[in-house]
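**Q** Chains as they are written, first to last, in our numbering: chain A, -18 to 333; chain B, 1244 to 1546; chain C, 486 to 970.
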C-alpha cells in the first residue's frame, strides 16, 4: 500500500471524529468524555482490545475481504448483511444438532453450513445477473430485508428457545463453539480472518485467476476481447464467493460470540464492511487494518453509550464521513474516475 | 364479512401505504432520468421522517412536512456535492449517505425525544375527503378519502410526466441521462441539471418520509423506513422510469404491503414476517421477469 | 469582414503542443479544406472554433468581433455548427427529439414533427422524424447531424472527416449538399486527411502539420504534390523497425474457413452476417471493404473467435491474433501496467504462466524486451498503459498480438488515429506476418488503406460477402459496397 493511501485513511478517520465531536458539542454532549469513552472502550484495556475491538473486527474483516473480492471483480454486493444472517441461521440450526460430535467436526459442520447458506443466499442475485441481467446492486439489497424477516420468523417460531419466552434460539452445543483465548471473549475466528487475508493476497498477486478477476474489474471489455476471459462467469463467481464469505462471518459470529440466533445479531456489519473494504483500498492487508479500525469504533461506541450517554448509532456518522472523505480523495486523485468498476445501469442490462 | 367493505378497506390501506413509495419513487425517477442513482434515498426518507416529527411536534403537521422537504433536500445536496461535484462513485456514496443518516437520525432522535421514545404523540395529517367523490363505491375511500400527501403524490404523476416529455427542460434532462456528452455538446449544463434533479429527488424523498410519520404511522421510530427507499428504487425500474408506470408499481407494492391488514381482517393467522418479506420478494421476481427489455437511461450511474 | 476567423491559436494538452499559433479564415460562401495527418491538430482547432475547447492563447472572431471564452451554446448562437466524426446524437431519442435538443425547438410532438420534416426536406436530406437514432444507418445519422446544425441556423458548418464513414457514391451526395449550403451564403470547413478529397471538394485549403499552419492557398493555385509535401514534410515515410517475431514459414495451407456462417448483430438486434463463406490461405492479406454497419465487424470477430456464429462452419487455425478497433476499451486495460497488459493477452504456453500462478518477474522481463523491440517510448513495463500515447499503445497491442506467432491475424482499423509513420510501421508488421505464413484479415474504413495493403479484397454489403475482382479500382469497389442499397 502506498503512503498516500495511509494518509488518506488517517485523514478520513480524523475528519470523521472531528465531525462527531462537533456534532456532539452542538447537541450539548460532552464530546471530550464521549471521545474518551470511545478510546477506552476500544483500546483502554487488554480486555477491551481483545473482547470488544478484536471481536467486532473479525466479522468486519471477513466480510470486508469477501467484498474486496467482489468489488475487484466488478460485482457490487450490497447484500452482505442478508448473507451474514443466512449463514447465522444455518450455523444455529446445525449447531443445535451436532452436540454429539467431537468439537473439530462440530465446528467444521457449523462453519461449512454457514458458508453454503451464504452462497445459497447470494445464488439468487447471481442467477438473476447471469440469466436476466439484473444487476446485483438492487437484488442483493432487497434480499437483506428478506433475510432479516426470515430470522425474525425463525426465532419466534421453529428455532425459538425451548421456553418460548424470548425471540431467540437455544444456545448451540458446546462442541460447536469456537475455542476462546483464555480470559477473553476473543475466539478462533480471528485466526480465520487473518488467514483469509493472506490467502486473498496470494490470490490477487500470484494466481492467474486473481489476475483475471482484477482485469475484469478494471476493464471488462478488454478482458473479454484481448484476454478472452469470460467476464460474466468471473464476476458471478466473485459475487458468489463474497456471499459465501459473508455467510461464513455469520457462522463465526454464532459459533464464536453469540452461541445463539436472535434478531439484530448484526449491528449492520454488512454495510460497515463496505466502508471497510473501501477504506482498505480493496487490498487484503488494508482490509484487515480498516476492519480493526472500524471494530475499534464500534467497540468504543458501546462504551460511549454506557459512559457518556451518547447513542451508539452516532458512530455510523463517523463511518459515513470516513467513506465520503475517502471517496473525495479518490476522486481528487483521478479527476472523476474511480478504481471500482461502476455499473453503467442500475438494474438491467442485456443478458449474456 | 361484507366483501365490499373488506375490499374498500383493503384498497384504502393499499393507497395509503403506497403514497410514501410513490412520492419517493417519483422523485427518484426524475433523478435517474438525469443519470443519477441515489441509493441514499433510504437515508433521505428517514431524515425526512425525523424532520417531520420534530417539525410537527414543534409547530404542527404542515411545518413538519415543510421541514421534511428541506431536510431531504439538504441530505440530497450533500450527495450531489459528492457524486456530481467530486464525481465520486454513486453506489458507494449513496450507501454512505444512508449509513450516516441512520446514525444522525438515531442520535438526534434520542437527543430530542429521550431514550425511550415510545409512543411519541404527534399531530398528524388527517384524511381530507373530497366531497362527493369520496362516497363512490369501492374506490371512493381509496382515492378520494386520503390525507393531503396522497393527493399530492397522485397529482405529481401527470405533472412530472408533462415536465419530462413536453418541456424543453425535460428534454434536456432526459438527454443528460441518456448521453451526457451529447447534451453538453448541445449546450446543456449537465452538472446543474443533475444537481437540480437530485435535489428534487431529495424533496420528494423527504416528503415521503413525512408522509410515513404524519399520515401513516403517527410517530417516529429509529430505522422506521425499513427499506422503503430501496423499494422505491426498485419501483423506478419496474415502472421503467416513466411516471405512470411508477405509479402503477407503487400501487402494486402498497397492495402487497397492505395484504397483512387484509389477512388480519379476514382472521387468517399468518406470521406477519411473511408480509414483510413479500414486497421484496415480489420486487425481485418482477425485476427478473419484467416484460420485454427494460432500458435504463444509458448514462445512469456514470460520473 | 463577415465570417469566421481564428487568429494565433495556441493549445497544449499536458506536455503535448497541439497547436502553435494557428491562423484560419472562413468567409461566407467558401468551402475550405483543413488538411493534415492524424494528430496534426485539425480536430483541436475546430473544437476551439465550436467552443468545445478554450485556446491557451489566440482569439476566435465571428464577423470581426472577438469572442473570448466561447461556449458551445454561444458558438451555436453565432451560427457555428459542427458535424462530428463520432456522432453526437442521443441514440435512444428520435430524430425529432435530437433536433429539438440541438436547435432549441419546441417539444410539442405534432408541431415538432412538422418542423423537422420541413427542415430536412428543405436541406435535401429527408429524414423520418419519428425514427429512433439507434436504428438509423451511419449515412442517415450523418444526415441528422447536418440537419441538426442547419436547424440551429448554422452559417458555418464544420465537418470533421465526414466521408470516413461513407461509400464513394455517398460522398458525392454529401458534397452536393455542402455546395447547396454554401451557394446560399453558408460556409463550410471540411476536415480531412485525404488529399484527393480536398482537391475535389474545396475552394481553399489550409494544411496543418504538427500544430502549425504550413500552407494556405486557393485550390486552383496549388498542386497535389505540393499539398502532399506540405502534409508530410521532410523525413522518411517508411520506418526501419523490424516486427517483433522472426519469420520462418510456420504455417501453410488453408488457415481460415467459414461456410454458411450467420452472426448476430452486436447488441442482439437482428443478423449482421448472413450465410457468409470465406477462405484464407497462408500468406494472404485479405482486406474487407465495407461501409460501417454492413457486417464486417461481425465477420472479423467471428474469425477471431470473439463472437460465436449462430450457425455454419468455422475453422480457424490457432493461435489467432486480434487487434480490435478500440484500443483503450478493448485492446488494453488503461489502468493496468504494461506487464499486466502483456499477460492479459497471453496463452497457457507462455513461460510466465506456471499452472495457475503467474511468474511476474518473467512477465516483466518479457515485457521490457518487447517494449525494446517495438521501440515504444515508455519509462518501463511497470507504467500504466494509460500513460502511453495512442501510437505507442497501438504498437503494444499489435506487438503483443504478433508475438504470439499467430497463424491468423485479424485487425480492425489497425492504423486509426495514428500518424503516417506509425501507420507505415503497422503495415510493415502485417506484411511481415503474412510473408511469414500467417493469414491476415483486416478491415479499414479507409478504402485507400485497403487498396494499399490487401492482396485480395472482399466487400461486405448488408451481411453478404462479395469477392472483388483482382485489380478492382476504387470506384468499382465503391459500387460493390453500395450495390442494391
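Backbone N, C-alpha and C fix where the C-beta goes; we use that ideal spot for every residue, glycine too.
(1) Sort 1514/B, 1456/B and 1490/B by Cα distance to residue 1271/B and report the nearest one.
(2) Which of the three DSSP states, helix, strand or coil, is assigned to residue 838/C?
(3) If you reduce the DSSP assignment to three classes, tell me which class residue 952/C lands in.
(4) Quick check: the Cα distance between residue 784/C and residue 895/C, rounded to an integer number of angstroms?
(5) Is residue 810/C closer than 7 angstroms to residue 751/C when the C-beta atoms are compared?
(6) Could you name the residues of the segment 605 to 624 of chain C whose beta carbon sits closer than 9 angstroms to any beta carbon of chain B, in the order they occur along the chain?
(7) Quick one: which residues of the segment 635 to 646 of chain C get their C-beta closer than 7 angstroms to a C-beta of chain B? List them in chain order.
(8) Which residues in chain B sit within 7 angstroms of residue 592/C, going by Cβ to Cβ distance?
(9) Compare the C-beta of residue 557/C with all C-beta atoms of chain B and state if any pair is closer than 7 angstroms.
(10) Relative to the C-alpha of residue 252/A, which candidate in 1333/B, 1341/B and 1268/B has its C-alpha closest?
(11) In chain B, what lies closer than 7 angstroms to residue 130/A by C-beta?
(12) Measure from the C-beta of residue 957/C to each C-beta in chain B and report whether the shortest distance is under 7 angstroms.
(13) Does any C-beta atom of chain A lie closer than 7 angstroms to the C-beta of residue 815/C?
(14) Rounded C-beta distance between residue 975/C and residue 691/C? I'm assuming under 8 angstroms.
(15) Would the beta-carbon of residue 109/A fall within 7 angstroms of that of residue 115/A?
(16) Compare the C-alpha of residue 32/A against each of 213/A, 170/A and 193/A and name the closest.
(17) With burial defined as no fewer than 16 other Cβ atoms inside 10 Å of the residue's Cβ, what is the status of residue 531/C: buried or exposed?
(18) Once DSSP output is grouped into helix, strand and coil, what is the label at residue 490/C?
(19) Go through its chain and collect everything with a Cβ distance to residue 1461/B's Cβ below 7 angstroms, but skip five positions before and after it.
(20) Quick check on the DSSP output: what are the complete alpha helix (DSSP H) runs of length 4 or more inside the segment 1485 to 1520 of chain B, in order along the chain?
(21) Using a beta-carbon distance cut-off of less than 7 angstroms, what residues from the segment 779 to 793 of chain C approach chain A?
(22) Closest Cβ-Cβ distance between residue 498/C and chain B: below 7 angstroms?
(23) Is it right to say residue 620/C is buried, meaning 16 or more other beta carbons lie within 10 angstroms of its own, or is it exposed?
(24) I'd like to check one pair, residue 852/C with residue 818/C: are the Cβ atoms closer than 7 angstroms?
(25) Cβ closer than 9 angstroms: which chain C residues qualify as neighbours of residue 7/A?
(26) Should the segment 1310 to 1320 of chain B be called in touch with the segment 218 to 232 of chain A, which here means at least 3 C-beta pairs below 8 angstroms?
(27) Leaving aside the five residues before and after residue 1443/B along the sequence, list all residues of the same chain whose C-beta is less than 8 angstroms from its C-beta, in chain order.
(28) Spatial neighbours of residue 1256/B within its chain, please: C-beta separation below 7 angstroms, excluding the five flanking residues on both sides.
(29) For chain D, find out if any of its Cβ atoms is closer than 7 angstroms to the Cβ of residue 587/C; answer yes or no.
(30) Check whether the segment 1447 to 1456 of chain B and the segment 1283 to 1292 of chain B are in contact - that is, three or more C-beta pairs closer than 8 angstroms.
(31) Any heavy atom of the ligand ZN closer than 6 angstroms to the Cβ of residue 502/C?
(32) So the beta strand (DSSP E) residue 903/C belongs to, where does it begin and stop?
(33) Decide yes or no for the touch test of the segment 1290 to 1299 of chain B against the segment 1471 to 1488 of chain B: beta carbon pairs closer than 8 angstroms, at least 3 of them.
(34) Exposed or buried, what is residue 498/C when buried is set at 16 or more other beta-carbons lying within 10 Å of its beta-carbon?
(35) Kindly indicate which residue of 578/C, 937/C, 749/C and 746/C has the alpha-carbon position closest to the one of residue 913/C.
(36) Tell me the DSSP bridge mates of residue 643/C?
**A** According to the data block:
(1) Closest by alpha carbon: 1490/B.
(2) Of the three classes helix, strand and coil, the one that applies to residue 838/C here is strand, per DSSP.
(3) In the displayed model, residue 952/C falls within a strand according to three-state DSSP.
(4) Distance between residue 784/C and residue 895/C, taken at the CA atoms: about 10 angstroms.
(5) Remark: C-beta atoms of residue 751/C and residue 810/C do not approach each other more closely than 7 angstroms.
(6) For the segment 605 to 624 of chain C, the set of positions with a beta-carbon nearer than 9 angstroms to some beta-carbon of chain B is empty.
(7) So nothing in the stretch comes that close.
(8) Within chain B, the residues near residue 592/C are 1409, 1410, 1411 and 1414.
(9) At least one chain B Cβ lies under 7 angstroms of residue 557/C.
(10) Minimum Cα distance to residue 252/A is reached at 1341/B.
(11) Within 7 angstroms of the CB of residue 130/A, the CB atoms of chain B belong to 1516, 1519 and 1520, in sequence order along the chain.
(12) Not an interface residue.
(13) Interface annotation, residue 815/C: in contact with chain A, CB-CB separation under 7 angstroms.
(14) No statement about residue 975/C is possible, as the shown extent of chain C runs from 486 to 970 and does not include it.
(15) Closer than 7 angstroms, so yes.
(16) Minimum Cα distance to residue 32/A is reached at 170/A.
(17) Within 10 angstroms of the beta-carbon of residue 531/C lie 16 or more other beta-carbons, which makes it buried.
(18) In the structure shown, residue 490/C sits in a strand (DSSP, three-state: E or B).
(19) The beta carbon of residue 1461/B sits closer than 7 angstroms to the beta carbons of 1365 and 1367 from its chain, once the five residues preceding and following it are set aside; these are given in chain order.
(20) Here the runs fully enclosed are 1486 to 1508.
(21) In summary, the residues of the segment 779 to 793 of chain C whose CB is separated from some CB of chain A by less than 7 angstroms are 791, in the order they occur in the chain.
(22) No, residue 498/C does not count as interfacial toward chain B.
(23) Counting Cβ neighbours within 10 Å, residue 620/C comes out exposed, since fewer than 16 surround it.
(24) Taking 7 angstroms as the Cβ cut-off, residue 818/C and residue 852/C do not qualify as a contacting pair.
(25) Near residue 7/A there are no residues of chain C at all, since even the closest Cβ is about 42 angstroms away, more than 9 angstroms.
(26) Not touching, per the Cβ criterion.
(27) The answer, listed in chain order, is 1270, 1273 and 1274.
(28) Answer for residue 1256/B: 1501 and 1504, listed in chain order.
(29) Judged by its chain identifiers, the structure shown contains no chain D, and its protein chains are A, B and C.
(30) In this structure the segment 1447 to 1456 of chain B touches the segment 1283 to 1292 of chain B; the number of beta carbon pairs closer than 8 angstroms is three or more.
(31) Ligands displayed in this structure: none; no statement on the ligand ZN is therefore possible.
(32) Per DSSP, residue 903/C belongs to no beta strand (DSSP E) and is neither H nor E.
(33) Cβ pair count under 8 angstroms is below three, so no.
(34) Its Cβ having fewer than 16 others within 10 Å, residue 498/C is exposed.
(35) Checking every option, the nearest Cα to that of residue 913/C belongs to 937/C.
(36) Residue 643/C is bridged to 567/C and 674/C.
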